[in-house]
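As structure tokens, the structure follows; a few thoughts come after it.
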Amino acid sequence: MRAFVDPDLCIGCTQCAGLCPEVYTMEGSLAVARPDEIPGEDVPQAVEAAEACPVSAIRVEN
């Protein structure tokens, strides 16, 4: 699975990076997702962080 953050929607609230820093980090005022495959043990947290995004800027998909 991979995570994607839409930079046009991201408001930089840091919610995702706080919930799953293994997958999401902040670059300046925007969140970014790791570019590679999400390790299996981090998938549940990555999905939780995506669902917690207040503007639905994150998607996690196969």
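Under the UniProt record's numbering, the first residue of the sequence shown carries the number 1, and numbering increases by one thereafter.
Backbone N, C-alpha and C define an ideal beta-carbon position, used for all residues, glycine too.
Beta-carbon spacing of residue i, residue j below 7 Å
i, j, result
"residue 97", "residue 49", "An answer regarding residue 97 cannot be provided, because it is not within the stretch 1 to 62 covered by the chain."
"residue 17", "residue 31", "yes"
"residue 22", "residue 42", "yes"
"residue 15", "residue 46", "no"
CA-to-CA distance, residue j to residue i, given in whole angstroms
i, j, result
"residue 11", "residue 44", "23 Å"
"residue 55", "residue 37", "23 Å"
For residue i, the nearest candidate out of the options (CA to CA)
i, options, result
"residue 2", "28, 55, 40", "40"
Run of the beta strand (DSSP E) containing residue i, from where it starts to where it stops
i, result
"residue 55", "From DSSP, residue 55 is part of no beta strand (DSSP E); its letter is neither H nor E."
"residue 23", "Segment: none, residue 23 is in no beta strand (DSSP E) and carries neither H nor E."
DSSP-derived helix/strand/coil call for residue i
i, result
"residue 30", "strand"
"residue 47", "helix"
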